[in-house]
Amino acid sequence: MTSLATDADVKQTWRTSMNDKGEFVRKTSAFRNWITADGSSGFKAEANRYHLYVSLACPWAHRALIVRKLKGLDDVISVTVVDWLLGEGGWSFTDAKPKCSLDTVNNSTFLKEVYLKANPEYSGSITVPCLWDKQKQTVVNNESSEIIRMFNSEFNTLGKTDEQRKLNLYPEDLKEKIDAVNEWVYPQINNGVYRCGFARSQEAYNGAVKELFDGLDKVEAVLSKSRYLAGNQLTEADVRLFTTLVRFDTVYHTHFKTNKRRIVDYPNTWACVRDVYQLPGVAETVDQEHIKKHYFESHKSINPFGIVPVGPDLDFMAPHNRDKM
Ligand SMILES: N[C@@H](CCC(=O)N[C@@H](CS)C(=O)NCC(=O)O)C(=O)O
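Position one of the sequence shown corresponds to residue 1 (the UniProt record's numbering), numbered consecutively onward.
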């Protein structure tokens, strides 16, 4: 019998990752196994073997959901959506909220039970996305940047259509460029919004917000010259940026105090968000109810009454005209 962690043992990343300057410092992910097409790593890419635990609110989990869709892997990799509320016990399962379901794979009540099944000694953060191996009964990987690379390259015989099997979001000739973009987009923007929101000193906030808007200005400049971040072809760099930007005006702008500008104020960036949103399969991965309710209801230290603001209404389906660039 696995010993279960008590609520007090649950390490909520956003609460515990602070340094003495009041800055938010994200912890590194713990499970880093690799699925390969040939199985040489011990984790072979196979249909119905892997299960993805996600929150529809979480930008990191959202990356994995988008790549799973774009690569036509929805019938190959199953998914459970957790309750949007991140409570005292961490992520949990419910069938009483739209799109959420109980954990029929591991029959757990809290996601921490899944992590502890993989490693009873585990004391790290309990985060989504979490990729579970139904065969080996363990967590394969809980780092989104790696999960999307595996979905992109290792499941190529299993995708639904030829086009989806051939889609390459990290092509050889663009690797350097994509890595270079990720190198600044991650700290300044993806993690940057959290660094603004969870700052516990004015200095920490000032530094994070400056880097964030320098980053967004840079994105706008790049996207004024090319359709996507690494040129005229969609890559993982765009997916990684998109999941932050699609949450920006509805949540971060108010909740994380990133209110110098909104994404709709950046014409090229906003058009690029709509471009990615309108790609086949992407819109159905975006759920603003989960997104808004998760952040505003869960982070009681920055929104004590859990009130969810009413707006803004954004038209993600408005024409983007980026294909004419
Ligand atoms: N580096 C991880 C970060 C994942 C992460 O921090 N996820 C958040 C949700 S947005 C989480 O699960 N937090 C749980 C907690 O703070 O307790 C990745 O990119 O996969």
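C-beta: ideal position from N, C-alpha, C; glycine also.
This structure is a prediction, so every number in the text was calculated from the model and none was measured.
query: Nearest-angstrom Cβ-Cβ length linking residue 180 and residue 195, presumed shorter than 8 angstroms; result: About 21 angstroms; that fails the 8 angstroms criterion.
query: Same chain only: Cβ atoms within 7 angstroms of residue 266, ignoring 5 sequence neighbours per side; result: 216, 220
query: Cut-off 7 angstroms between Cβ atoms - residues of its own chain near residue 281, not counting five sequence neighbours on either side; result: 69, 70
query: Cβ pair count under 8 angstroms reaching 3, the segment 171-191 against the segment 99-116; result: no
query: Residue range of the alpha helix (DSSP H) that includes residue 239; result: 236-247
query: Three-state class that DSSP yields for residue 311 in the structure shown; result: coil
query: Contact test: residue 55 Cβ vs ligand 1 heavy atom, cutoff 8 angstroms; result: yes
query: Exposure of residue 236, with buried meaning 16 or more beta-carbon neighbours within 10 Å; result: buried
query: For residue 191, the first and last residue of its enclosing alpha helix (DSSP H); result: Element bounds for residue 191: n/a, residue is neither H nor E.
query: Host alpha helix (DSSP H) of residue 67 (start-end); result: 59-70
query: For residue 116 and residue 231, the rounded distance between their alpha carbons; result: 42 angstroms
query: Neighbourhood of residue 3 by C-beta distance below 8 angstroms, restricted to the same chain and skipping five residues each side; result: Here the model assigns residue 3 a pLDDT of 39, short of 50, so the residue's position is not dependable, and the following value carries that caveat. So the qualifying residues of the chain are 116, 120.
query: N-terminal and C-terminal residue of the alpha helix (DSSP H) that residue 102 is part of; result: It is not in any alpha helix (DSSP H) - residue 102 carries neither H nor E in the DSSP assignment.
query: Alpha-carbon spacing of residue 148 relative to residue 64, whole angstroms; result: 5 angstroms
query: Assigned secondary structure, residue 286 (DSSP; H/G/I helix, E/B strand, else coil); result: coil
query: Distance between residue 240 and residue 43 (C-alpha atoms, nearest Å); result: 25 angstroms
query: Stretch-stretch touch, CB-based, cutoff 8 angstroms, three pairs: the segment 18-38 with the segment 106-114; result: no
query: Neighbourhood of residue 45 by C-beta, 6 angstroms cutoff - its chain only, sequence neighbours within 5 removed; result: 35, 37, 154, 155
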